[in-house]
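Undergrad:
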Amino acid sequence: MPCGARSARAARRRRHHLRAALLSRAVALAVLLAFAPASGTRAEWAAWATVAKPTAGPARVFGRTGLGCIAGAVALPPDGPGWQAVRLSRNRNWGHPMLVGTLRDLAARAKAQGFPALWIGDLGQPRGGPMPYGHSSHQVGLDADVWLELSPKPSLTVAAREEVVVPSLVLPDESDVAPARWTPRHAALIRLAAELPGVDRIFVHHAIKRQLCRTDAGAAWLRHVRPWRGHDSHMHIRLRCPTDQPDCHDQPPPPAGDGCDSSLDWWLTAEARHPAQRAPGPPPPLPVACRTVLEAR
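For the sequence shown, the residue numbers in mature numbering (1 follows the signal peptide of the UniProt record, and there is no 0) are -36 to -1, 1 to 261.
1) Would you mind working out which of Ala108, Trp47 and Gln175 sits nearest residue 262, comparing C-alpha positions?
2) What residues in its chain sit with their C-beta under 8 Å from that of Ile154, if we drop five residues either side in the sequence?
3) Relative to the C-alpha of residue 262, which candidate in Leu160, Ala243, Pro191 and Gln103 has its C-alpha closest?
4) Let's test the definition: count the other Cβ atoms within 10 Å of the Cβ of Leu(-8) and tell me whether it reaches 16, buried, or not, exposed.
5) Identify whether Pro61 lies in helix, strand or coil by the three-state DSSP scheme.
6) Mapping the DSSP letters down to three states, classify Gln175 as helix, strand or coil.
7) Looking at the unbroken beta strand (DSSP E) that takes in Leu203, where does it start and where does it end?
8) By alpha-carbon positions, which one of Ala253, Gln103 and Gly85 ends up nearest to Glu127?
9) Quick check: Pro251 and Gly27, are their CB atoms within less than 7 Å of each other?
10) If you drop the 5 nearest sequence neighbours on each side, which residues of the same chain put their C-beta closer than 7 Å to that of Asn218?
11) Counting only beta-carbon atoms, is Asp208 nearer than 7 Å to chain D?
12) Taking His170 as the reference, give the member of Gly194, Asn55 and Gln77 with the closest Cα.
13) Leu82 and Leu40: beta carbons closer than 7 Å?
14) With three or more C-beta pairs closer than 8 Å as the rule, is the stretch 64 to 80 touching the stretch 17 to 31?
15) Output the distance between the C-alpha atoms of Met62 and Leu106, rounded to the nearest integer angstrom.
16) For my contact list, Val122 and Leu52 are in at a C-beta cut-off of 8 Å; report their separation, rounded to the angstrom.
17) Per DSSP, which residues does Ala49 bridge with? Please list them.
18) Between the alpha carbons of Trp91 and Pro161, how many angstroms are there, rounded?
19) Is the beta carbon of Leu31 less than 7 Å from the beta carbon of Arg56?
20) Which same chain residues, not among the five before or five after Ala23, have their C-beta less than 6 Å away from its C-beta?
21) If Asp180 and Ala151 are in contact, beta carbons under 8 Å, what's the gap, nearest whole angstrom?
22) What number of angstroms, rounded off, separates the C-alpha of residue 262 from the C-alpha of Ile201?
23) Beta-carbon separation of Pro45 and Pro80 under 7 Å?
24) Helix or strand or just coil, what does DSSP make of Cys224?
25) Please state whether DSSP places Trp146 in a helix, a strand or coil.
26) Between Cys33 and Gly98, is the Cβ-Cβ spacing less than 7 Å?
27) Could you please give the first and the last residue of the uninterrupted alpha helix (DSSP H) stretch that includes Arg242?
28) I believe Val25 touches Cys212 by the beta-carbon criterion, under 8 Å. Please report the beta-carbon distance rounded to the nearest angstrom.
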């Protein structure tokens, strides 16, 4: 068979599989919404992960990072100067244009300073909203995870990016960073992100925050670096609401100061290490506008 004919047949097969996947997602969404008469039901929350594409039109943010959605989201390309997006099968490389621009800026600045390509993980879903696993935030297109992996990286295939494993920078008992893995370059990358325009917070493990306080106490950028569970191998970048988004709601600004005070000691207490488990209740209702965003064609 001529090469051109094989290519055309392969292209038709790809289009067929894409149409089938989109139809499957649409059917799943219709079924879920049929059983979700009121905003805030678990069925509606699950529906957000079934939507394959964003809405058309300009970006609009509704709600807050832990309870909201976004219309008009744009995608971070899988590859660009200084970055590779990973775990693309999750379809979570979507966000507000300001977030995508910030990540491009971070990658360019990092590359100019000699950093290897950054692995960028989850941003948000095509229309934001709750995720079925992995995050309680990332709902309005203003959050992104950047892996703290500073070794040289080859250009990985999409399949290989599904298996990315980044070692923890923190000791098993969480008391400190791992001396064998932590380097001043990790601190430099976190600072680079914290000093970007529009950044509200950079979440890292409390042991990483403690280490930064040893080396950079008093630095203005440390105010934006906040301790949180689980961020031992990546940093979570959160932007403030864009000024043209009246329906977007920021959380209160970080407390004044560098955060290098006794509040860090709490993270080593039994209360912090073993938080009380709460019985799951009904999810809170999303902003009313999010229903329209979810159902838009």
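Every residue gets a Cβ at the ideal spot worked out from N, C-alpha and C, and that includes glycine.
TA: In brief:
1) Absent from the model: residue 262. The displayed extent of the chain is -36 to 261, so no value can be given.
2) Leu112, Ile166, Val168, Ile172, Leu176, Val189 and Met199
3) There is simply no residue 262 to check, as the chain begins at -36 and stops at 261 in what is shown.
4) The pLDDT assigned to Leu(-8) is 38, lower than 50, so where the model puts this residue is not dependable; a value taken from the coordinates is nonetheless given after this. The residue in question, Leu(-8), is buried, as its Cβ has 16 or more Cβ neighbours within 10 Å.
5) helix
6) helix
7) His198 to Leu203
8) Gly85
9) yes
10) At residue 218 the sequence reads Pro, which differs from the Asn that was named. Contacts found: Arg165, Arg187, His188 and Arg190.
11) This model lacks chain D altogether; it includes just one protein chain.
12) Gly194
13) no
14) no
15) 8 Å
16) 6 Å
17) Ile84
18) One detail in the question is off: residue 91 reads as Arg in this sequence, not Trp. Their backbone Cα atoms lie some 24 Å apart in a straight line.
19) no
20) Gly36, His60 and Pro61
21) 7 Å
22) Summary: the structure shown does not reach residue 262, with the chain confined to residues -36 through 261, and so no result is reported for it.
23) no
24) coil
25) coil
26) no
27) Per DSSP, Arg242 belongs to no alpha helix (DSSP H) and is neither H nor E.
28) 4 Å
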